[in-house]
Structures are given as C-alpha cells and as structure tokens.
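Enquirer: Chains A and B are the protein sequences, given in the same order.
According to the working numbering, the first sequence holds residues 1 to 354 in order.
According to the working numbering, the second sequence holds residues 1001 to 1354 in order.
Note that beta-carbon positions come from the ideal geometry of N, C-alpha and C, so glycine has one too.
One structure, pasted below without further comment.
2 protein chains.
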Amino acid sequence: MSENKKLPIGSVIGILGGGQLGRLLSISASQLGFKTHIFDPDPKAPAKQVTNLSSTFDYKDKRALENFANSVDVITFEFENIPVETIQICAELTSVFPNVNALSICQDRTNEKKFLNEMNIPSSPFVPAKSFQEILQSVHVLEPPLILKSSRFGYDGKGQKIIYSKEEIEGAASEFNDRPVILEKLIDFNLEISIIICRDMFGKIAVFDPAENLHENGILIESKVPASIPFSLASDAILIASKIVNALEYVGVMGIEFFVTKENKLLVNELAPRVHNSGHWTQSGCLINQFEQHIRAISGWPIGNGKRHSNVLMQNVLGSNVKLLDRNSNSSTNIYGKDDPKDGRKMGHKNYIR
Amino acid sequence: MSENKKLPIGSVIGILGGGQLGRLLSISASQLGFKTHIFDPDPKAPAKQVTNLSSTFDYKDKRALENFANSVDVITFEFENIPVETIQICAELTSVFPNVNALSICQDRTNEKKFLNEMNIPSSPFVPAKSFQEILQSVHVLEPPLILKSSRFGYDGKGQKIIYSKEEIEGAASEFNDRPVILEKLIDFNLEISIIICRDMFGKIAVFDPAENLHENGILIESKVPASIPFSLASDAILIASKIVNALEYVGVMGIEFFVTKENKLLVNELAPRVHNSGHWTQSGCLINQFEQHIRAISGWPIGNGKRHSNVLMQNVLGSNVKLLDRNSNSSTNIYGKDDPKDGRKMGHKNYIR
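Following this line, the structure appears as structure tokens:
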C-alpha cells in the first residue's frame, strides 16, 4: 500500500474464507463502500451470497490465488486455519492483513504458547508433544486434570480431550495418531472473558469492552457485556492484549480469550487472528462494530474508539435450533446462510440490548 | 404467502430497484439469513454488488419480470417511481409488499393529497392541474408564495419550482410542459420532521422516534433524534402515521414527512412507500433498524419495537464530498458504491452518536 495508505472507496477487499465471519466482514466492507471478493473452495460458502465477486478454488491452487491477489486491493482472512503458504503466495502480490507471522503463531497452539511465554504473558502450564511417546512422558511433567489438544486446526472444541487421571493418557494419546499435540493443565476457572482488540496500520489501538463468555462442549453459547469482573482485571486484560498486538505488529481485529482463575488471576487461553464470535455483540452495542473496525484497519481508514453505548447479550443459534427461531422481536437476528444445520454448527446469533 | 406467513430462512427476497435503499435492504435481508435478487435496468446498480443474484432488464419487460417473480419468494421495491404495471405483473405471481394501491397513491402527489384530504389529515392547501391553462387558473385560487411540483416522478427537490408572485406563474408553468402538476401553498414552517413507521402483515404497528430533518435545495442534509418538538406533537404525528398505514393496509416501512408550522401545527408534506433517508439514523440508534424492520415485515417475521437507545445525528454525504471523507472515526460510515459523484447526488451517509 502506498504512502497514502487509505484505500479509495470502490476498492476491492479480498477475503479468504467464505463462512459466517467472511460474510459479516463482506457486509461491513459493502457498508463502507468497498467491493468484496470471496475466495473459498466451497461453491456454497455463505459469504458468496453477499457479493457478486467470488472464486471457488483450493487454498493451494497457486495460479487461482495469484489471479485473486491481482484482482483485489488488499486481502484478509476469516479464520486461522488458512495455510501459511496461501497467505505467502498472496502477500507477494498485494497487502495481506493480519501479517503471515501473526497467522503462523496463532494457528499453532504450541507456537502460540511459546510466544506468550517469551512475552511473560501468563497462560496455563503446558507441554508440547510431537508423538505418542512424548505424550506419555508429558503426564509425568504435569499433574492431571489435563487437556490434550491437537496443536493445529482445532476449533469449537474439536480436537480436544480432557484427561482426569494418568491411566487415561494412553487411550487418549492413541486418538491423536502421532499428530503434534499440546498437553495443558486444565484450569479450574471462575469465568471466561475475551478482549476484541484492533490495531491499525499506523499503530493505533482500540479495544472493545471485555465480554463474559459461556462455552458448552467447547462451543461458545453466549457472550455478555459488561462482564462481571472488577475494573482492575479488565485493565490488565486490555494491557496484555495490546502487548500482544504490538509485538506482532498486527493490523486488524484480534480476539483473545482469557480464563479468570479462582484466584482472580488472568490466563490467556487462545489468540484468534480475526474477528471473533465473542465480539458479535458489538453489532448492537457500539457505533462501529468489530467487522467495520477490521475493514477500517486493513484499508487504512481511521478505526473507531470501541466505546459501548448499551449492555448486550449475544446468544449463538446452534444446529437445528435455527429452525425453531422464536417469533419474538426483542433481539437483532443474524443468520449465516448455511444450508445444513448440523449439530452444534453455528447457524446464527442474536443480540439483545439488556 | 401461506397460512404460516413466516418466510423460511434461505428464502429469496426480490428487490425492484438497485440504488442505495435496495442495497441497504439487501444487506439487512442477508443479515436475517435471506438471499436477495436485485432487479434493475442499470447493470451497475449499486445493490448488485452485495448479492450474487441480479437481473438487468427494463421495468416494463414483462417476460423478465415474470421470470424474476417466479424465482423469488416475496418482492419489495426501493422507490415509489416503479411503474404500477411492473408491480401488477409481479403481484400476479408472488406476494408484493407494500401493496400496489399504496404505491399508486404515493407515487402521484395529487392522489396522495386527495387521500390525505379524505382522511381529514392536514396537509398544505393545493390545487391539481393537468395543463398549462389549469396552472394559470390555479394562481387565482391560492395566494403566492406557492410551490409548483410535477405530480409524478419528482425526488430530491427535482421537478419543483417556487413561485413568489402571480407574474412568475406563466414562465414557471411553461417549464412543466403540460405534465400533470400540483400547485401547493408554500408553507412557512418552523421545522421539518419525519416519522418512520412499520406495519406488519398481522396489522401490528411500530414507529421509530420522529427525526428532525434539514433540507437544502430539496435534498436532505441531516436528520437528528430526538427532534426538538414537544411530546404532544410527536404523539400527534405518530397517530397520523398509524392512521395512514392502517387505511392503506400497508405492509412494510413507510416514511412520512411533516412540516411543523410557525403555529406548531402538523401538516403532512409527503408519503414515501419505502425505507426513507431520514430513517438511516436507526442503523446506529436502534437494535432493529428500518431496513431489518422492513425485511421482517415483508417476510412475516416479528417486527422490532422501534425503541431508541442513543441520540443520533445522521449526515448525508453528497456529490464529490465523498472524496473528501475525513479520517475521523466518530461516525459509522455508509457509502453506497456509486461510481459517479454528481453534484447533489447521495453518495453515502454518516451516523454520529451524540
């Protein structure tokens, strides 16, 4: 991007990934007067319903990626499981935000943990393991209860297993089939919160108020603001979040999940280098929501201040519940345009002003 | 629409007209999980950027309209200058909201005035005229200052001329070239307000707070809520608005403009059978904005209650001002995706929370 970094109105924003986050990003980009181009191997990717520009190719199709990169003015992605090579191919031809370094750290739990450790940012104790043998040894380093997670490509609680005793480790380890894993101490937390933070390309940072999150089986059920935490904890979380995005020279919106322990200490649980489900409340609680904020950041436009005007409860609509959507009208409803309401699949969300 | 009138998620909403209002309606329909199909003779209509379904044919192309109507589940329109015949063709094949009767009244100022008169709803004194001769005679019925308006197809102050003296009438009348016109008493008002009202297909009504509007040369410059009017005036405006939508058995959002006279009396100035520029503030001031509200109404979903959570100032971005968009970030920005920033053309709008 040139010295004048502000992308002109009418520019095309390329989005890798056409799920609900790509769809909501595309809608916000349209609102700001940009065109969007969705790249996704799935011809029925929901985001392809909300723009007239899309590409349907594999994420490893170099030629298709080059055509895509040459036809857009900036590229972003909706999820952290995009192959790093995909981003590298695109980044040779146009600007990609967030940067590939942030992506490669955040898409691998072991890298992420090491990054946090190096920054002296507290997270749960962990042991990385590359093989069945290493997993078996790890259980002697950390006391159960533990949580065994595949190091890459996990989401919504997939690729995770809780281990309550040393005896369970062998059975659990075999499930992971010699994929790289990470064994973490299972945290007995009071509650979970998240920070949605944005850093623009000039280094300016804005945060939204911390959300209090409720998960079931690893899937987010609801988020509410304000979170029931003291102001001092919120400040600490915000400082940690800004330290992270600064260290990564990050551009765009990042979601950071924290545990608040029984001792009221913060532990970083996970970094998501993208807009985040726990930030959907900002659509109804802030003048500029997380999607508009991300598009502003990656297009060199000024970002919002994150100020919240209302108390909001966000509830996810999962699986076939989408068919039972009640007829009440006290929530703003978002449905993602997915065909197949599989169990636990995120089909939409509802925002209530409380 | 069947007994169970609620349109299923994934249904296709057809929108006649692909300007900014069609675009913003399409975006809200997407948010609710509907697909949209834009019908507009202009291949570059801005709304065609925000969906993958569009048709580019004349509004009088019967076959194209039939194909369109057969491929969607419900039809709405973004502006009142759609030919009545277009709606009639569509209405034979699928549901169209608002209904054709409301459209034909609202697209003709003379019909509109007569409708209001019959309902005993106050509006400015007027005389309809079908010819040059009738215009000349009208000036003897009403005392100048007057405003001469073409009866149909006027918008944003186009097709209007102010007449300060009887002597000016001849020159003015000749400009209108024997088109049907209406000669209205020019109202010396204190301020202009508008009501954005919604009626659903079950007869339920919801209104947004009245907005105070500022026009220049017939073009809306800004709207703000709350309007600086007493509560009693707001109530009267709301009662008039509900009387209008009930009488028309209207389904969807309607914008109604009022003058507040120097004597603090309300006069209806204009009915717009569609979402309205002076309701754009609802995007930042309400949980469910006027676009989501309209889509909910026409798809049989429950409508919002219109409650306002914040004070909002909406400013239009006109013509080449779109190029000068400042870098501040205290407003939520909407740009409409139009190529050509002609003088006075509505290119976007900004919402400020005050």
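Taking the alpha-carbon of residue 255 of chain A as reference, which of A/192, A/71, A/301, A/229 has the nearest alpha-carbon?
Expert: By 1-based counting over the first sequence, the position of residue 255 of chain A is 255. The residue with the shortest Cα to Cα distance from residue 255 of chain A is A/192.
Enquirer: State yes or no: is the beta carbon of residue 1110 of chain B nearer than 8 Å to at least one beta carbon in chain A?
Expert: Along the second sequence, read from residue 1 onward, the residue named residue 1110 of chain B stands at position 110. No, no contact with chain A.
Enquirer: Would you say residue 49 of chain A reaches chain B, if we count a Cβ-Cβ gap shorter than 8 Å as a contact?
Expert: The residue you call residue 49 of chain A lines up with position 49 of the first sequence. Taking Cβ atoms only, chain B reaches closer than 8 Å to residue 49 of chain A, which makes this a yes.
Enquirer: In chain A, which residues lie with their C-beta within 8 Å of the C-beta of residue 1309 of chain B?
Expert: Counted from its first residue, the second sequence places residue 1309 of chain B at position 309. Near residue 1309 of chain B (Cβ distances below 8 Å), the residues of chain A are 309, 310, 353.
Enquirer: Return the residue from the list A/76, A/92, A/44 that minimises the CA-CA distance to residue 63 of chain A.
Expert: Counting from one through the first sequence, the residue named residue 63 of chain A turns up at place 63. When only C-alpha atoms are compared, the closest one is A/92.
Enquirer: Would you mind giving the Cβ-Cβ distance between residue 12 of chain A and residue 48 of chain A, rounded to the nearest angstrom? I have them listed as a contact below 8 Å.
Expert: Position 12 of the first sequence, counting from 1, holds the residue named residue 12 of chain A. Position 48 of the first sequence, counting from 1, holds the residue named residue 48 of chain A. That belief does not hold up - the Cβ atoms of residue 12 of chain A and residue 48 of chain A are roughly 15 Å apart, past 8 Å.
Enquirer: May I have the straight-line CA-CA distance separating residue 335 of chain A from residue 1067 of chain B, to the nearest angstrom?
Expert: Within the first sequence, the letter at position 335 stands for residue 335 of chain A. Within the second sequence, the letter at position 67 stands for residue 1067 of chain B. Cα to Cα, the separation comes out at about 27 Å.
Enquirer: Reducing DSSP to helix, strand and coil, say where residue 1081 of chain B ends up.
Expert: Taking the first residue of the second sequence as 1, we reach residue 1081 of chain B at position 81. Coil, per DSSP.
Enquirer: According to the Cβ coordinates, are residue 132 of chain A and residue 183 of chain A closer than 8 Å?
Expert: As a working mapping, residue 132 of chain A is identified with position 132 in the first sequence. As a working mapping, residue 183 of chain A is identified with position 183 in the first sequence. No, Cβ-Cβ distance for residue 132 of chain A and residue 183 of chain A is not below 8 Å.
Enquirer: Expressed to the nearest angstrom, what Euclidean distance is found between the alpha-carbon atoms of residue 353 of chain A and residue 1053 of chain B?
Expert: If you number the first sequence from 1, residue 353 of chain A lands on position 353. If you number the second sequence from 1, residue 1053 of chain B lands on position 53. Straight-line Cα distance between these residues: approximately 33 Å.
Enquirer: Could you tell me if residue 164 of chain A is buried or exposed, where buried requires 16 or more neighbouring beta carbons within 10 angstroms of its beta carbon?
Expert: On the first sequence, position 164 is the one that residue 164 of chain A refers to. By the neighbour-count rule (16 or more Cβ atoms within 10 Å), residue 164 of chain A is not buried but exposed.
Enquirer: Is the separation between the beta-carbon of residue 316 of chain A and that of residue 261 of chain A shorter than 8 Å?
Expert: Translated into the one-based positions of the first sequence, residue 316 of chain A becomes position 316. Translated into the one-based positions of the first sequence, residue 261 of chain A becomes position 261. Not in contact: residue 316 of chain A and residue 261 of chain A (Cβ atoms no closer than 8 Å).
Enquirer: Whole angstroms is fine: what's the gap from residue 2 of chain A's alpha carbon to residue 299 of chain A's?
Expert: Working through the first sequence from its first residue, we reach residue 2 of chain A at position 2. Working through the first sequence from its first residue, we reach residue 299 of chain A at position 299. Unreliable placement is indicated for residue 2 of chain A, whose pLDDT of 40 sits below 50; the coordinate value is still reported in the next sentence. Distance between the alpha carbons of residue 2 of chain A and residue 299 of chain A is about 11 Å.
Enquirer: Any idea what DSSP makes of residue 257 of chain A, helix, strand or coil?
Expert: The sequence position of residue 257 of chain A within the first sequence is 257, counting from 1. It is a strand residue.
Enquirer: Taking C-beta to C-beta, are residue 351 of chain A and residue 332 of chain A nearer than 8 Å?
Expert: As a first step, residue 351 of chain A is located in the first sequence; it is residue number 351 there, counting from the start. As a first step, residue 332 of chain A is located in the first sequence; it is residue number 332 there, counting from the start. Yes, they are a contact pair.
Enquirer: Once DSSP output is grouped into helix, strand and coil, what is the label at residue 112 of chain A?
Expert: Within the first sequence, residue 112 of chain A is the residue found at index 112, counting from 1. It is helical.
Enquirer: Could you check where the beta strand (DSSP E) with residue 333 of chain A kicks off and where it finishes?
Expert: Residue mapping note: residue 333 of chain A aligns to position 333 of the first sequence, counting from 1. Counting along the chain, the beta strand (DSSP E) containing residue 333 of chain A begins and ends at 331-335.
Enquirer: Verify the CB distance criterion: does residue 31 of chain A have a CB-CB separation below 8 Å to chain B?
Expert: Against the first sequence, residue 31 of chain A aligns to sequence position 31. Taking Cβ atoms only, chain B reaches closer than 8 Å to residue 31 of chain A, which makes this a yes.
Enquirer: Please confirm whether residue 252 of chain A has its beta-carbon closer than 8 Å to some beta-carbon of chain B.
Expert: If you number the first sequence from 1, residue 252 of chain A lands on position 252. Answer no: the Cβ-Cβ gap between residue 252 of chain A and chain B never drops below 8 Å.
Enquirer: Closer than 7 Å, Cβ to any Cβ of chain A: which residues of the stretch 1277-1289 of chain B, in chain order?
Expert: So the close ones are 1284, 1287, 1288.
Enquirer: From the DSSP output, in three-state form, read off residue 222 of chain A for me.
Expert: By one-based count along the first sequence, residue 222 of chain A stands at place 222. Residue state, collapsed to three classes: strand.
Enquirer: Can you tell me the Cα-Cα spacing of residue 1203 of chain B and residue 58 of chain A, whole angstroms?
Expert: Start at 1 with the first residue of the second sequence, and residue 1203 of chain B comes out as number 203. Start at 1 with the first residue of the first sequence, and residue 58 of chain A comes out as number 58. Each residue's Cα considered, the two are about 50 Å apart.
Enquirer: DSSP three-state call for residue 1056 of chain B: helix, strand or coil?
Expert: For the purposes of this step, residue 1056 of chain B is taken as residue 56 along the second sequence, with counting starting at 1. The answer is coil: DSSP assigns residue 1056 of chain B none of H, G, I, E or B.
Enquirer: Under 8 Å: do the stretch 106-118 of chain A and the stretch 137-146 of chain A share three or more Cβ pairs, one atom per stretch?
Expert: No: fewer than three Cβ pairs fall under 8 Å.
Enquirer: Assuming residue 356 of chain A and residue 166 of chain A make a contact with CB atoms under 8 Å, what is their CB distance in whole Å?
Expert: Given a span of 1 to 354 for chain A in the structure shown, any question on residue 356 of chain A remains unanswerable.
Enquirer: Rounded to the nearest angstrom, what separates residue 222 of chain A and residue 313 of chain A at their Cα positions?
Expert: Here residue 222 of chain A refers to the residue found at position 222 when the first sequence is read from its first residue. Here residue 313 of chain A refers to the residue found at position 313 when the first sequence is read from its first residue. Approximately 7 Å between the Cα atoms of the pair.
Enquirer: Mind checking whether residue 253 of chain A and residue 297 of chain A have CB atoms under 8 Å apart?
Expert: Mapped onto the first sequence, residue 253 of chain A falls at position 253. Mapped onto the first sequence, residue 297 of chain A falls at position 297. In this structure, residue 297 of chain A lies closer than 8 Å to residue 253 of chain A by Cβ.
Enquirer: Taking the alpha-carbon positions, what's the residue 210 of chain A to residue 1124 of chain B distance?
Expert: The count along the first sequence starts at 1 and reaches residue 210 of chain A at position 210. The count along the second sequence starts at 1 and reaches residue 1124 of chain B at position 124. One C-alpha to the other measures close to 53 Å.
Enquirer: Pull up the distance between the alpha-carbon of residue 1101 of chain B and that of residue 1024 of chain B, whole angstroms please.
Expert: Start at 1 with the first residue of the second sequence, and residue 1101 of chain B comes out as number 101. Start at 1 with the first residue of the second sequence, and residue 1024 of chain B comes out as number 24. Roughly 24 Å separates the two Cα atoms.
Enquirer: Would you report the Cα separation of residue 15 of chain A and residue 220 of chain A, rounded to the nearest angstrom?
Expert: Taking the first sequence and counting its residues from 1, the one referred to as residue 15 of chain A is at position 15. Taking the first sequence and counting its residues from 1, the one referred to as residue 220 of chain A is at position 220. Going by the C-alpha atoms only, they are around 24 Å apart.
Enquirer: Could you spell out where the alpha helix (DSSP H) holding residue 1227 of chain B opens and where it closes?
Expert: Start at 1 with the first residue of the second sequence, and residue 1227 of chain B comes out as number 227. Element bounds for residue 1227 of chain B: n/a, residue is neither H nor E.
Enquirer: Go ahead and pull the three-state DSSP assignment for residue 1037 of chain B.
Expert: Numbered from its first residue, the second sequence carries residue 1037 of chain B at position 37. The answer is strand: DSSP assigns residue 1037 of chain B an E or B state.
Enquirer: Along the stretch 1193-1216 of chain B, what residues have a CB closer than 9 Å to any CB found in chain A?
Expert: Of all residues in the stretch 1193-1216 of chain B, 1206 have a Cβ within less than 9 Å of some Cβ in chain A.
Enquirer: Give the secondary structure of residue 1003 of chain B by DSSP, where H, G and I count as helix, E and B as strand, and everything else as coil.
Expert: For the purposes of this step, residue 1003 of chain B is taken as residue 3 along the second sequence, with counting starting at 1. Low local confidence applies: a pLDDT of 40 at residue 1003 of chain B is under 50, so the model's placement there is unreliable, and no value is given.
Enquirer: In the stretch 1236-1249 of chain B, which residues sit with their C-beta less than 7 Å from some C-beta in chain A, listed in chain order?
Expert: Residues: none.
Enquirer: Taking 8 Å as the CB-CB limit, is residue 14 of chain A close to chain B?
Expert: Here residue 14 of chain A is taken as the residue at index 14 of the first sequence, counted from 1. Output row for residue 14 of chain A: interface = no.
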